[in-house]
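Engineer: Please find one structure pasted underneath; my questions will follow.
Residue numbers (my numbering), protein chains in the order written: chain D, 1 to 712; chain F, 1001 to 1155.
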């Protein structure tokens, strides 16, 4: 499509697909992180920086976009380093191989992977430095290192000898990093698993937290970029005469994605942009609309290449023939925008063949590599710093706005802050693809399922973003497609269809389509059998204790089966995602088609937790995010133009619409699961099932608007 | 072409053209970056500041319209997080990404100035103009009640 597509593929080549994650090889440009002294700051390894004034900085290799890694990543390091979490500072890592997310194969924040990837690695990182500090003290004091221990930022020795980590840092940084270190038994954890206050909160309540929009460089100018109203369109010609005469305008430059007005203030740039006249070649995208996206997806479901998601079990065709009853349903989840509250932006400063990039990104390595590629720079001439992110949700995995800022800075030869308008953001997203899920079940005489087929048809983001070969199973389309229920004959298939939309990873990715379809369908089967949807599910979970446990916990906590206030109804849903087992019960009422969600009850088993308070915050967040999509939001197009432009026609849940949320967390010694996303996907079928219980109307095409409920 | 006003207790003269939104004067000319830009259309509340004590969306407020008036931004609450709302926000660990929170705090501060004992409905009414895409609403509500209780005790 544009330059970033090819540049990105140059740096990220798909080599292997593994269950639950994409492994990519890449040529990593940039810094080597090793034991080295920079001024008076010592870096025994990549995770711990100690200054000789005893300032200890722990490195988060993940971007802070609200999910709490600015606290949870240091907690894991501090647990083994034996320092007070309140006494440390935090830095976000630069691009470097050591900071790659092993679950995703790149330096990416996403996929609810931060804790799962960091759980062991960061504790090892902390323990290594602890051991190096102890060795340094043993050498200095000429005592056996077994007589020493590290506690609360000090190494303690016999006869009351002690030294701060700062005093030992210079010596420790010259030592080899120990390969094998002992880690604490989890029962001895002092930090991990405790409710620790977020380290970023103080700066976020007095206006001092630095987001991308707040970056300032000496001599910086401001840019606003006019892009083709049809994504993928290119500039044919433009007339900048009028814009150039407007107050404060410094230059008007063409870059790959459009025409940028550069001015001495953002407001001057935006105003002058309105005076631009651009003739576009709109390209093939101009023929696209949402009805065509749905029609072509449905056609692909009938005729496209079928990729098995998992090996079929039994014989579905025979079992359907022998079934007492066959039920079919088709579910549609619409396209969505990410709409994080901080509009896309980045600051770039190109000077003497080198570039400095500062801003909000979920993908340090991609941003670094793509800018080097787009500007023809050597990797070592690109420096990237990450600010706080004003929301991510997958949008800041993309690199378009980073490359644009870099190109504009190079064109004008000045430090530039590029800032999109909300309208730019809404109409030039990488949208969540449309999902079409077709299910069929054969029921026995008692109404229990003996056969199930599920065909998922949607668009592959991984093909676009990471060059996944065509006709290869995209694991990010098949998440939660296979439910937990004991059914003898099953078949789960995927059809990948390129609808022409520019698609991107959106919080919970394909869990959104697949959980909505699976869990709506389970309720439809239970209704057909005349059974209670909770009991119906439970009967199919005899060998699935983690699923059965969260289902029961959520149902009990929500008061399933007990009398409800008049007009209220409950809906239940169950899913595993990101190694987290979760059940939700939504309590709703429906008046004139308007759904009011009164309460959502969540039971989650995510294995070991780093910060239970953050876990609860992420569940609360995910529910509100999922509710916005499930009840209100849909991206539509006319002649290739996205019709939603701001929060009036792409509404989000507001405080008065936000439900009471009750959360039950299961104490668990299992490996950690991810919690940034699963509740987003699962709240939607819970609500849809509650709406069906309240109204008798089954909505199979989201969102659950009054119109959709009336039409059902 | 200049506008004189009082910002966070100090008299300032802004050089920006009179139709420039107050938001950009505050951020880019006066260098107070706590106030955020989210929508540019008074739909999200991220840019909420007080003008003569009333909460306004600074992205839709021409700077000329605040000539001679008192403007207060999030920076006016306190630098050291000593304001009851800031303390309550910290106690409840309200922020996630944090981008909307300056606006949330200023809407909450305006509410508590006139109502020290707000009901759920009062809070909903005062806060429904402020979007939080991270969905921190349950904690915002709890923190407002907490701060209100503190302010009732200290009055």
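Beta carbons: idealized from backbone N, C-alpha and C, even for Gly.
(1) To which residues of the same chain is residue 705/D closer than 6 Å at the C-beta, ignoring the five residues directly before and after it?
(2) Is the segment 1087 to 1097 of chain F in contact with the segment 574 to 588 of chain D, if contact means three or more CB pairs nearer than 8 Å?
(3) For residue 1055/F versus residue 1019/F, is the C-beta spacing smaller than 7 Å?
(4) Going along chain D in order, which residues have a C-beta closer than 8 Å to the C-beta of residue 1133/F?
(5) Taking residue 197/D as the query, report the chain F residues whose CB atoms sit under 8 Å from its CB, ordered along the chain.
(6) Among 618/D, 591/D, 490/D, 498/D, which residue has its Cα nearest to the Cα of residue 308/D?
(7) Is the Cβ of residue 1081/F closer than 7 Å to any Cβ of chain D?
(8) Should residue 361/D be labelled buried (16 or more other beta-carbon atoms within 10 Å of its own) or exposed?
(9) Within 10 Å of its beta-carbon, does residue 456/D have 16 or more other beta-carbons around it, so buried, or fewer, so exposed?
(10) For a contact defined as C-beta to C-beta under 7 Å, what are the partners of residue 214/D on chain F?
(11) Report yes if the CB atom of residue 51/D is closer than 7 Å to the CB atom of residue 43/D, and no otherwise.
(12) Over the uninterrupted alpha helix (DSSP H) stretch that includes residue 302/D, give me the two end residues.
(13) Whose CA, out of 509/D, 214/D, 572/D, 166/D, lies closest to the CA of residue 629/D?
(14) If we require 3 or more residues per run, which beta strand (DSSP E) segments fall completely within the segment 387 to 465 of chain D?
(15) So which residues on chain F does residue 422/D lean against when the C-beta distance must stay under 9 Å?
(16) Could you tell me whether the Cβ atoms of residue 78/D and residue 253/D are closer together than 7 Å?
(17) Beta-carbon within less than 8 Å of residue 305/D's beta-carbon, same chain only, minus the 5 sequence neighbours each way: which residues are those?
(18) Which runs of the alpha helix (DSSP H) fall wholly inside the segment 586 to 660 of chain D and span at least 4 residues, in chain order?
(19) If the cut-off is 9 Å on Cβ atoms, which residues from the segment 1057 to 1071 of chain F count as contacting chain D, listed in chain order?
(20) Along the alpha helix (DSSP H) that carries residue 547/D, what are the first and last residues, could you check?
(21) Determine, using beta carbons only, whether residue 492/D and residue 310/D come nearer to each other than 7 Å.
(22) Any Cβ of chain D within less than 7 Å of the Cβ of residue 1028/F?
(23) Of the choices 287/D, 425/D, 374/D, whose alpha-carbon is the least far from that of residue 391/D?
(24) Note down, in chain order, every chain F residue with its Cβ under 8 Å from the Cβ of residue 617/D.
(25) By how many angstroms is the C-alpha of residue 562/D removed from the C-alpha of residue 541/D?
(26) So residue 521/D and residue 637/D are supposed to be a Cβ contact under 8 Å. How far apart are they, rounded?
(27) Can you name the residues of chain D whose CB is closer than 9 Å to the CB of residue 1007/F?
(28) Whether or not the segment 189 to 198 of chain D and the segment 314 to 326 of chain D are in contact is what I'm after, with contact meaning three or more pairs of Cβ atoms, one per stretch, closer than 8 Å; do they touch?
(29) For the segment 84 to 168 of chain D, list the beta strand (DSSP E) runs that are entirely contained and at least 3 residues long, ordered along the chain.
(30) Counting only Cβ-Cβ distances shorter than 7 Å, please list the residues of the segment 637 to 650 of chain D near chain F, keeping chain order.
(31) So, using beta-carbon positions, are residue 1046/F and residue 1060/F closer together than 7 Å?
(32) Taking Cβ-Cβ distances shorter than 8 Å, what residues in chain F pair up with residue 662/D?
(33) Report the rounded CA-to-CA distance for residue 1145/F versus residue 1107/F, giving the unit in angstroms.
(34) Rounded C-beta distance between residue 115/D and residue 183/D? I'm assuming under 8 Å.
(35) Give the straight-line distance between the Cα atoms of residue 1136/F and residue 145/D, rounded to the nearest whole angstrom.
(36) Tell me whether residue 476/D sits in a helix, a strand or coil according to DSSP, three-state version.
Structural biologist: The short version:
(1) Closer than 6 Å at the Cβ level, and outside the excluded window around residue 705/D, lies no residue.
(2) Between the segment 1087 to 1097 of chain F and the segment 574 to 588 of chain D there are fewer than three inter-stretch CB-CB distances shorter than 8 Å, so the stretches are not counted as touching.
(3) Note that the C-beta distance between residue 1055/F and residue 1019/F is not below 7 Å.
(4) Within chain D, the residues placing a beta-carbon under 8 Å from that of residue 1133/F are 339, 340, 341, 391, 393, 625, 652, ordered along the chain.
(5) Neighbours of residue 197/D on chain F, chain order: 1090, 1093.
(6) The shortest C-alpha separation from residue 308/D is found at 490/D.
(7) So yes, residue 1081/F belongs to the interface.
(8) Counting Cβ neighbours within 10 Å, residue 361/D comes out buried, since at least 16 surround it.
(9) Residue 456/D is buried by the Cβ-count criterion.
(10) Chain-order list of chain F residues neighbouring residue 214/D: 1033, by C-beta distance under 7 Å.
(11) No Cβ-Cβ contact shorter than 7 Å links residue 51/D with residue 43/D.
(12) Segment 290 to 303, the alpha helix (DSSP H) holding residue 302/D.
(13) Comparing C-alpha distances from residue 629/D to each of 509/D, 214/D, 572/D, 166/D shows the shortest one belongs to 509/D.
(14) If we require 3 residues or more, the beta strand (DSSP E) runs fully inside the segment 387 to 465 of chain D come out as 416 to 419, 435 to 443, 449 to 458.
(15) Ordered by position in chain F, the residues that pass the 9 Å Cβ test against residue 422/D are 1037, 1038, 1039, 1040, 1041, 1043, 1044.
(16) Result no, Cβ atoms of residue 78/D and residue 253/D do not sit closer than 7 Å.
(17) Closer than 8 Å at Cβ, skipping near neighbours: 471, 495, 496.
(18) Runs found: 612 to 631.
(19) Correct list: empty, as no residue qualifies.
(20) Counting along the chain, the alpha helix (DSSP H) containing residue 547/D begins and ends at 545 to 558.
(21) Yes, Cβ-Cβ distance for residue 492/D and residue 310/D is below 7 Å.
(22) Closer than 7 Å to some Cβ of chain D, the Cβ of residue 1028/F qualifies, so yes.
(23) Measuring from the Cα of residue 391/D, the nearest candidate turns out to be 425/D.
(24) Within 8 Å Cβ-Cβ: 1093, 1096, 1136, 1139.
(25) In a straight line, the C-alpha of residue 541/D is about 23 Å away from that of residue 562/D.
(26) With 8 Å as the limit, residue 521/D and residue 637/D do not qualify as a contact, their Cβ atoms being about 29 Å apart.
(27) The contacting residues do not exist; residue 1007/F stays about 13 Å from chain D at best.
(28) Touching, no.
(29) Entirely contained in the segment 84 to 168 of chain D, the beta strand (DSSP E) runs reaching 3 residues are, in chain order, 88 to 92, 149 to 151, 154 to 156, 162 to 164.
(30) Within the segment 637 to 650 of chain D, those residues whose Cβ lies closer than 7 Å to any Cβ of chain F are, in chain order, 646, 647, 648.
(31) Contact: no.
(32) Simply none; closest approach about 10 Å.
(33) Computed Cα separation, rounded: 14 Å.
(34) The pair is not a contact, with the Cβ atoms about 16 Å apart (cut-off 8 Å).
(35) Rounded to the nearest angstrom, the two C-alpha atoms are 48 Å apart.
(36) Of the three classes helix, strand and coil, the one that applies to residue 476/D here is helix, per DSSP.
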